[in-house]
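Structure record follows, encoded as structure tokens.
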Amino acid sequence: MKAFLILEDGTVFTGKSIGSKREMISEIVFNTSMTGYLEVLTDPSYAGQAVVMTYPLIGNYGITPDMESKKAWPDGYIVRELSRLPSNFRCEGTIQDFLEKQDIPGIADVDTRALTKILREKGTMNGMITTDENYNLEEILPKLKAYRVGDVVSKVTCSEKYVLEGSGKKVALLDLGAKNNIASSLNKRGCEVTVYPAHTTADEIISANPDGIMLSNGPGDPADCTSIIEEIKKLYQTDIPVFAICLGHQLMALATGATTHKLKYGHRGGNHPVKDLKTGKVYISSQNHGYVVDDESVNQEIAVPAFVNVNDETNEGLEYRGKNIFTVQFHPEACPGPQDSGYLFDRFMEMMGGAK
Amino acid sequence: MPKDNSIKKVLVIGSGPIIIGQAAEFDYAGTQACRSLKEEGIEVVLLNSNPATIMTDKDIADKVYIEPLTVEVVEQLIRKEQPDSVLPTLGGQAGLNLAMELEEAGFLKNNDVRLIGTTSETIRKAEDRLEFKATMEKIGEPVAASLVVENVADGLSFANEIGYPVVLRPAYTLGGSGGGIAQNSEQLVEILENGLRLSRVGQVLVERCIAGWKEIEYEVMRDSNGNCITVCNMENIDPVGVHTGDSIVVAPSQTLGDKEYQMLRTSALNIISELNITGGCNVQYALNPVSFEYCVIEVNPRVSRSSALASKATGYPIAKVAAKIALGYTLDEIKNAITGKTYASFEPMLDYCVVKIPRLPFDKFISAKRTLTTQMKATGEVMSICDNFEGALMKAIRSLEQHVDSLMSYDFTELSDEELTEKLALVDDMRIWRIAEAIRRNMTYDHIHEITKIDHWFIDKLAILVEMEQALKTEELTPELLKEAKRIEFPDNVIAALTGKSEEEIHDMRHANGIVAAYKMVDTCAAEFAAATPYYYSVYGRENEVEETHGRKKVLVLGSGPIRIGQGIEFDFCSVHCTWAFSKEGYETIIVNNNPETVSTDFDIADKLYFEPLTPEDVKSIVDLERPDGAVVQFGGQTAIKLTESLMKMGVPILGTSAENVDKAEDRELFDEILEECQIPRPTGGTVFTAEEAKEVANRLGYPVLVRPSYVLGGQGMQIAINDHDIDEFIGIINRIAQDHPILVDKYLQGKEIEVDAVCDGEDILIPGIMEHIERAGIHSGDSISVYPSQSLSQAAKDKIAEYTRRLAKSLHVIGLINIQFIVCGDEDVYVIEVNPRSSRTVPYISKVTGIPIVPLATKVIIGGKIRELGYTPGLQKEAEYIAIKMPVFSFEKIRGADISLGPEMKSTGECLGIAKTFGEALYKAFIGAGIKLPKFKNMIMTVRDEDHQDAVEIGRRFAAIGYRIFATSGTARALNEAGVKAIPVRKIEQESPNLLDLILGHEIDLVIDIPAQGADHSRDGFIIRRNAIETGVNVLTSMDTAQALITSLENTDIQKLTLIDISTVQ
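Below, the structure written as structure tokens:
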């Protein structure tokens, strides 16, 4: 069955329908990872967005037990080609079936490179995937322009708190749309991880007396998370060590008076170099963010930049002065992507006084 | 960290002659690195014995020494030039080993020279088996468990420890004979007992068997600050067991999940960090296909064939970045030259799929075993890029130029299912074609995988291609079907054959339906950033992104495709220089080529690079888009010449000598007319199609005769026949491939063989020099030792050669280059035996030793320049003050079963140069450059034909005089002893021990002189002697002339007194 990808600027790509046949409108973003399509599909940070994979051959190793959350989150999925036959010793099914079961509409046979170039040149924009051959651009374009990602954190966070048992440090993980490997990385280091829903109050977390607080990654515009920011302000006031990733990093910055802005087309992939400003060492990182903390908005008395993106010099991390707080824009938990910055979890362990 | 300013003068060591396993990739890496160093204001001293390379140009380095790569030479050179640093990691294993020897001997330290890039400690850790194993164990990286055992009991207990199956490799046996894989203790005992007996040192290596695992490679970079990145990973379609150089390889990996990908990536970074590598490095893994278990197979702490492939596959210039790192820069300080925006410290992301296929030399070595093993056999490779795997594979197949264009090109329909199943287990260059046949017969993927261990994913891709064959055969050709066939890169001719239509009809149907090739850019970043460097590949069914260019005149330069015997790196040298020359003249240059190992496919050589197959259809798609003002075909070897006619049909003017005149030189009858008109004698002969006709001509001329197909390069299929029986056999071999053109039969003249390259502007000619071959006619010019200037020609003969060259060039209306081979009999009888109105193998060599930039000159002439106006005096140029000898280099030890005797068919893979003031020294340098370092044990064997006895006596006497002990077979021994040259008779190999073979296997023989009979020599004896000698590292000469040259060099030289010549000063 034919499917169409219609962009806000009126560009139409014709392809083949994959996954769910329902129509969807979303923000279209591209990811350049060559492996890890399943981790991308199950990363809650993609809620409210449809993902274009720039690597043309997707689904080669099928569906493996590598989901980063319980379900797939993107509104839509755009690829060049889905593999007819997946092959891997851990393969449990095909990506075609997975998309259908997860009710994700998608489109294949798209010139994903041409699409990526449009997004690169014009910036991230909204789009629709439809199987309706009689689509009417005049009707659709205003709808596309009207689309807003909205409050997606509430959609992706867990509904109730839960605990990953461990005999070491007690970590409170605020689930803003956390990927599984954040909790696993801590759990592997012996931590008992209590995962809290995004709208948990600071008081509840503080009263549990954790050794450290972890703010996770998550979807959407950080500035929309006003009530969460208010709670994070209270966390900042305590002396509990805090480590934050991606959205968590942005929210901590916002909570301490900095601002964020939307990048033209974001950073999504597994090849971004980030430089540790203390050592000058460069790490290849996994990234997935559309917004970034404005370096110049950071009050130097509150925090100093700790990491910078080597490509475009945007902020990649902050170290808070006089506080045991450290936040990064990239993803040390990887999955997908390079594991080079996994050592940051060790650093968090040290912030909490080392492993028990 | 900024540049280390204490580095001012760097010695770069190249890799020497092209041999199997060490080919053009090092010229590419070396050239890129030298340019990168010069860009930083560093003075570059270059040492490489290979004159065919671009890196040995005076434009690339400041001082250029084309001298043998020996410790003595490097020491002398360092004393002379006093560089402050040596960069050893660009010249392959040869360069690395040399640098290590110097370091270990303390020479570098004593002379205040340091190794930059990777340190000697690192090199040792990576190269020494035991140190490497210890290092890997230290950081917890697994290597395949192995142990050297000297008795069965130890073998059994070790095998029990590591588990079956195990591989057994006896030490020091011929080609690994006596080894094998044991599945259980019973088999182990059997194989091990035998192996211990066969091994000269009584040792067998017992190793965990990882054959059948996935073979994965990572190319990694690291700087002195410890920053690491991976440039690319690659997956071998052929599982562990086939050398990666002989495997079909895909980039990036296709069947690895992110977990496996990152696990191995992290491992590679851990290894490069622990080894403290600064620069590029290649790490090879075996990955268990059914678990996360892996083993590190090997680490190469230098640029390599794989790194060249990774550079071309991703656009990331590894050698350039490695050179900058050696100067002290860190990855985040080095700009990515492709995007101009990002830095070297980012990992390339591909939005396409790359396939590499090796070019194997079995068409040259018909008797050789086609089996692929851990010993590399490929001479070169092709790479292709597409947005789907099937398409990339199809493009790579037709880039090979081996008469293959689809999965139907080898026919296995005659095999029964049982035979096919059996043959699926055979690992050779035709395996994917047999798998395709198995798929056609509906054999299951599981069955095929069980036998081949090739991943199901790849088998399914082959199945998709097979299904398309079926669809085209059985269904109506709708635009949709055609579109799908083109998406997976079925060429028009194959579609035509399957659908019963003509190629033209398919072409027209495509264009009527808008099914045309579009071009996408290789930009290192999957379109995330705008790229500045136009490097393109074709796809179907997508948007074209090539920017239209106007303004300057456009020239299309056709490259020479994969490196093969007969068409080597020399033609890349010519293509690159021609491109540079056109650029200087203000042209926009476009290169089309498919060889990832070459300089011509580097991203900044031409204004635009199309990484595409060199077939008429693929070239036409580019022409349709670019509309070039002209095309040059005379620099790209036979590959480019073959495209002449098609280009003319496309309406592209051929710049330089016209197609019609190219034809005249190749078409026997037309050429005979020209020779007659020019009053130039040639050996008499005739053209034939069948063996009967050939025998008739041969008997009329009288044996021996030379038999060869027309329109070939490197003497492919050329043979000397001495009787009717030979004719039957040779014509049979030639006609195995359908011939479009007649076969030539010529009287075989035994005389001096002379070769000339000349530039002609339509009126005047310029001959840089006359080259004389040491071996008499009958041995292919590419396999002969070539001497410039000629040493034995009379002035009259030289004058005749110059005059004939002038007449021929004029009469063929040559504009640009012409190569002519002559035979001189007696004092002044000059015959023409071959004319090639194009660039030749000797052009780089003769350019360098005469100082005349032949290719740029020819290029200027092609666009209308005149030799006189360009500042040259026409005619034969004054002889240079040096004698320069080009020595062929062979890779026989790599190809099991190949007959090494020299003849009209070319067999050498590369060449080196010996240049000196005297003939003796030049010859000596050439021999040691080719790796013939004598004397060692001063024992030699002679076995020659009766007619060579006189020569043998003279040569034997001279070898005896410098202290050689001569062993000889009965006839030869008798002749020698009768003439007073002491020779020890030895028994022939079929006789009882001790015989000739035992002598060779005793490892104390320096040299075997074995002259095989002419014609189809079926003597197993000679063949076995030569193979055994080669495989045990003994030098074998099969021509009396070569033997004579060798003894001359040994008599005349003293290694301590070599003069080193900076070739950039040669005028």
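First to last, the protein sequences are chains A and Y.
Under the working numbering, the residue at position 5 of the first sequence is numbered 5, and the numbers go up by one with no gaps.
Under the working numbering, the residue at position 765 of the second sequence is numbered 10765, and the numbers go up by one with no gaps.
Ideal placement from N, C-alpha and C gives every residue a C-beta, glycine not left out.
Note that the structure is predicted; figures quoted are calculated from it, not measured.
Residue i burial status per 10 Å Cβ neighbour count (16 or more: buried)
{"i": "tyrosine 10610 of chain Y", "result": "buried"}
{"i": "serine 10311 of chain Y", "result": "buried"}
{"i": "serine 10502 of chain Y", "result": "exposed"}
{"i": "glycine 10769 of chain Y", "result": "buried"}
{"i": "asparagine 136 of chain A", "result": "exposed"}
{"i": "arginine 10510 of chain Y", "result": "buried"}
{"i": "isoleucine 369 of chain A", "result": "Absent from the structure is residue 369 of chain A, since the part of chain A shown begins at 1 and ends at 356."}
{"i": "isoleucine 10366 of chain Y", "result": "exposed"}
Beta-carbon proximity of residue i to residue j, cut-off 8 Å
{"i": "alanine 10313 of chain Y", "j": "cysteine 10232 of chain Y", "result": "yes"}
{"i": "glycine 177 of chain A", "j": "leucine 247 of chain A", "result": "yes"}
{"i": "alanine 10033 of chain Y", "j": "valine 10012 of chain Y", "result": "yes"}
{"i": "isoleucine 10515 of chain Y", "j": "lysine 10483 of chain Y", "result": "yes"}
{"i": "leucine 10275 of chain Y", "j": "alanine 10126 of chain Y", "result": "yes"}
{"i": "proline 332 of chain A", "j": "leucine 344 of chain A", "result": "yes"}
{"i": "serine 285 of chain A", "j": "valine 274 of chain A", "result": "yes"}
{"i": "isoleucine 10590 of chain Y", "j": "valine 10599 of chain Y", "result": "no"}
{"i": "lysine 10860 of chain Y", "j": "alanine 10581 of chain Y", "result": "yes"}
{"i": "aspartate 10523 of chain Y", "j": "threonine 10339 of chain Y", "result": "yes"}
{"i": "glycine 76 of chain A", "j": "alanine 50 of chain A", "result": "yes"}
Per DSSP, cross-strand counterpart(s) of residue i
{"i": "alanine 10532 of chain Y", "result": "According to DSSP, which records beta bridges pairwise, alanine 10532 of chain Y is partnered with nothing at all."}
{"i": "histidine 261 of chain A", "result": "A:Val292"}
{"i": "aspartate 10492 of chain Y", "result": "Answer is none; aspartate 10492 of chain Y lacks a bridge partner."}
{"i": "lysine 10520 of chain Y", "result": "Y:Tyr10537"}
{"i": "tyrosine 10788 of chain Y", "result": "Y:Ala10884"}
{"i": "tyrosine 343 of chain A", "result": "The partner list for tyrosine 343 of chain A (beta bridge, DSSP) is empty, contrary to what the question assumes."}
{"i": "threonine 10230 of chain Y", "result": "Y:Val10220"}
{"i": "glutamate 10755 of chain Y", "result": "Y:Met10771 and Y:Gln10821"}
{"i": "glutamate 10588 of chain Y", "result": "Y:Lys10554"}
Cutoff 8 Å; reference residue i; Cβ partners in own chain excluding five residues on either side
{"i": "lysine 356 of chain A", "result": "Bear in mind that a pLDDT of 48 at lysine 356 of chain A, under 50, signals an unreliable position, so the number given afterwards is only what the model happens to contain. Excluding residues within five positions, the ones whose Cβ falls inside 8 Å are Ser167, Gly168, Lys169 and Gly190."}
{"i": "aspartate 10460 of chain Y", "result": "Tyr10445"}
{"i": "proline 10935 of chain Y", "result": "Ile10962, Gly10963, Tyr10964, Asp11006 and Leu11050"}
{"i": "histidine 10447 of chain Y", "result": "Thr10421 and Ala10438"}
Closer than 7 Å: residue i CB and nearest the ligand GDP heavy atom
{"i": "proline 10681 of chain Y", "result": "The model depicted lacks the ligand GDP and carries no ligand whatsoever."}
Range covered by the beta strand (DSSP E) that runs through residue i
{"i": "arginine 10222 of chain Y", "result": "10214-10222"}
{"i": "lysine 117 of chain A", "result": "Run containing lysine 117 of chain A: none in the beta strand (DSSP E); it sits in the alpha helix (DSSP H), 112-122."}
{"i": "valine 308 of chain A", "result": "303-309"}
{"i": "phenylalanine 10822 of chain Y", "result": "10815-10825"}
Unbroken alpha helix (DSSP H) run spanning residue i, endpoints
{"i": "cysteine 10678 of chain Y", "result": "10668-10678"}
{"i": "glutamate 10467 of chain Y", "result": "10456-10474"}
{"i": "glutamine 10638 of chain Y", "result": "10637-10641"}
{"i": "serine 10794 of chain Y", "result": "Serine 10794 of chain Y -> no alpha helix (DSSP H), and no H or E assigned at all."}
{"i": "tyrosine 55 of chain A", "result": "Per DSSP, tyrosine 55 of chain A belongs to no alpha helix (DSSP H) and is neither H nor E."}
Beta-carbon proximity list for residue i, same chain, < 7 Å, skipping 5 on both sides
{"i": "aspartate 10027 of chain Y", "result": "Thr10053, Ile10054, Met10055, Ile10569 and Val10599"}
{"i": "tryptophan 10213 of chain Y", "result": "Pro10239, Val10240, Ala10286, Leu10287, Asn10288 and Pro10289"}
{"i": "glycine 290 of chain A", "result": "Val29, Thr124, Lys262, Leu263 and Gly266"}
{"i": "threonine 131 of chain A", "result": "Met1, Lys2, Ala3, Ser17 and Lys21"}
{"i": "serine 10811 of chain Y", "result": "Ile10674, Glu10677 and Cys10678"}
Own chain, CB closer than 6 Å to residue i, minus 5 neighbours either side, in chain order
{"i": "glycine 10016 of chain Y", "result": "Ser10049, Asn10050, Leu10069 and Ala10094"}
{"i": "serine 10406 of chain Y", "result": "Val10494"}
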